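Asker: After the structure tokens below, expect a handful of questions from me.
Numbering (the working numbering), first residue to last: 1087 to 1266.
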């Protein structure tokens, strides 16, 4: 079978287009427009005028938090049942699907005969996690989520990046930085 190739005739570039001068000037124009707009609004802000208009696109972090997209994936959490126990049934789906192999689950028998098993330990190593969200998609019980909106994930040691079940069940109260 012969492979057919398609030949595309490209238009001849003019003298200015060969040196990219129109594009360079257009870029300078756009940058200058942003600069002078922001400069004038910042000057007016100094005099107490036009405070309702935001001047720059820069967010003054940490005082001003950047708005998150609804689909953003942040630090993990485990959801709870009505009685406060984890919703996880230790099916190992999240551990199996994880490409970074950062989730470790040990299962045990559940005292309730209607539920087959529960996690004895549930550990996520955030130092290995790539935040792909496969664990959330694979969970049949909706037990794990990535919607805590916690972005400041840092630790002084590798052990500090490991989250156990109490930290996953209460993500707001437990801080990673407290571990050294």
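Where a beta carbon is used, it is the ideal one built from N, C-alpha and C, also for glycine. Small disclaimer: the values here were computed from a predicted structure and weren't measured.
Can you tell me which residues form a DSSP beta bridge with residue 1208?
Answerer: Your numbering for residue 1208 matches position 122 in the chain shown. DSSP output for residue 1208 lists 1191 as bridge partner(s).
Asker: With distances taken Cα to Cα, identify the nearest neighbour of residue 1160 among 1108, 1217, 1140.
Answerer: Locating residue 1160 in the chain shown gives position 74, where the first residue counts as 1. Each of 1108, 1217, 1140 was checked against the Cα of residue 1160, and the nearest Cα belongs to 1217.
Asker: Just how far apart, CA to CA, sit residue 1177 and residue 1200?
Answerer: Locating residue 1177 in the chain shown gives position 91, counting from the first residue. Locating residue 1200 in the chain shown gives position 114, counting from the first residue. Near 15 angstroms, if we compare the C-alpha coordinates of residue 1200 and residue 1177.
Asker: Can you say whether residue 1128 is buried or exposed, counting buried as having 16 or more other CB atoms within 10 angstroms of its CB?
Answerer: In the chain shown, the residue the question calls residue 1128 occupies position 42. The residue is exposed, with fewer than 16 neighbouring Cβ atoms inside 10 Å.
Asker: Along the chain, where does the alpha helix (DSSP H) that runs through residue 1128 open and close?
Answerer: Position 42 of the chain shown, counted from the start, is the residue given in the question as residue 1128. From DSSP, the alpha helix (DSSP H) with residue 1128 extends over 1107 to 1132.
Asker: Classify residue 1257: buried if its beta carbon has 16 or more other beta carbons within 10 angstroms, exposed otherwise.
Answerer: Within the chain shown, numbered from 1, the residue matching residue 1257 stands at position 171. Classification of residue 1257: buried, given that the 10 Å Cβ count is 16 or more.
Asker: Have a look at residue 1100 and residue 1110 and give me their C-alpha separation to the nearest angstrom.
Answerer: As a first step, residue 1100 must be located in the chain shown, where it is residue number 14. As a first step, residue 1110 must be located in the chain shown, where it is residue number 24. One C-alpha to the other measures close to 15 angstroms.
Asker: Hey, residue 1254 and residue 1163: beta-carbon distance below 7 angstroms or not?
Answerer: Counting from 1 along the chain shown, the entry for residue 1254 is found at position 168. Counting from 1 along the chain shown, the entry for residue 1163 is found at position 77. Yes, these two residues count as a Cβ contact at 7 angstroms.
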